[in-house]
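A.B. asks: This is the structure I want to talk about, given as C-alpha cells.
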Amino acid sequence: MIAHLRGRVAARSTGTVVVDVGGVGYLVHVPSADRIPPRGEPVELHTSLQVREDSMTLFGFPDRAALETFDLLLTSSGVGPKLALAALATHRPDVLRAAIATEDVPTLTAVPGIGRKVAQRIVLELRDKVGGIDGDLPSGGAGAGGAHTPLAEVREALVSLGYGAGEIQTALGELDPDGEVPELLRRALRSLGAAATAGSRR
Numbered sequence: 610m611i612a613h614l615r616g617r618v619a620a621r622s623t624g625t626v627v628v629d630v631g632g633v634g635y636l637v638h639v640p641s642a643d644r645i646p647p648r649g650e651p652v653e654l655h656t657s658l659q660v661r662e663d664s665m666t667l668f669g670f671p672d673r674a675a676l677e678t679f680d681l682l683l684t685s686s687g688v689g690p691k692l693a694l695a696a697l698a699t700h701r702p703d704v705l706r707a708a709i710a711t712e713d714v715p716t717l718t719a720v721p722g723i724g725r726k727v728a729q730r731i732v733l734e735l736r737d738k739v740g741g742i743d744g745d746l747p748s749g750g751a752g753a754g755g756a757h758t759p760l761a762e763v764r765e766a767l768v769s770l771g772y773g774a775g776e777i778q779t780a781l782g783e784l785d786p787d788g789e790v791p792e793l794l795r796r797a798l799r800s801l802g803a804a805a806t807a808g809s810r811r
C-alpha cells in the first residue's frame, strides 16, 4: 500500500496533482489543488490507495487529519472515495467530524452529492466513531424506565431516515433480534439499499 508520498509537483489541476518521486510520476486525487505547492516545489501527501477490480486510484491529503476523516467516511455504507473527497473539498476535517458528532445534517448536505437521507445515514453509522452523543442512536430511545430491544432501536433509526413501515418490517425480519444495534442497523441499511437497487432494475 502507498501510504505516503514525498516528492516534487510535476503537474497540478483541479482535483489532481502529479507527484514526481525519484523520476516516477504518481497521479493523486486531492480535495483541492489550492493547498498544493506550485509546479517544481516539494510536496508531501498522506495517501490512501483504493483498489478495485479494474482500477487503482490514489487519494492524497496534506495532513493526517484529512486522511483519517476520509477513511472514516468510507466506512459509512453508500459513501465512496469520490463522495468522501467531495466532503473534504467542502469542509475541513474538524468541521465534518463535528457535524457528524452533533447530527448537523445541513452541514453534511452542503456537500455536493450528499442528500438528507445519506447525511442522516452517515450520522447514524459514524457518530460513535467520532466520540458522538454517548454512543446512543437518534432520539426516541429507551426513556426513563422503558425497556428497548435492539430491533426496536433499529426500527426507530430507520423511521428517522424516512423509510416506510413495510420496507422496515421486511428488513427487520432478516435480522437477529439479539444482535448489537450498530451491526443490525448496518445490515438493515444494506438490505434496504439492495432492495431499492433491485426495484430500480425492474
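Residue numbering for the sequence shown follows the working numbering, beginning at 610 and increasing consecutively. For every residue, glycine included, the Cβ atom is placed at its ideal position computed from N, Cα and C.
1. Checking the sheet assignment: what are the DSSP bridge partners for alanine 620?
2. In whole angstroms, what separates the C-alpha of valine 688 from that of glutamine 729?
3. Using 8 Å as the Cβ pair cut-off and three pairs as the minimum, do the stretch 673 to 688 and the stretch 697 to 707 touch?
4. Can you name the residues that DSSP bridges to valine 652?
5. By Cβ distance, which residues of its chain are closer than 7 Å to serine 800, with the 5 residues on each side in sequence left out?
6. For a test of the three-state rule: what should DSSP assign to glutamate 722, helix, strand or coil?
7. Between the C-alpha atoms of alanine 620 and aspartate 629, what's the straight-line distance to the nearest angstrom?
8. Beta-carbon within less than 6 Å of glutamate 674's beta-carbon, same chain only, minus the 5 sequence neighbours each way: which residues are those?
C.D. replies: Put simply:
1. For alanine 620, which the question treats as bridged, DSSP gives the partners Val627.
2. In a straight line, the C-alpha of valine 688 is about 12 Å away from that of glutamine 729.
3. yes
4. BP columns for valine 652 point to Gly616.
5. Once the five neighbours on either side are set aside, the close Cβ partners of serine 800 are Ala780 and Glu783.
6. Here the sequence assigns glycine to residue 722, which means glutamate is not the residue at that position. Of the three classes helix, strand and coil, the one that applies to glycine 722 here is coil, per DSSP.
7. 9 Å
8. Residue 674 is actually alanine in this sequence, not glutamate. The answer, listed in chain order, is Pro702.
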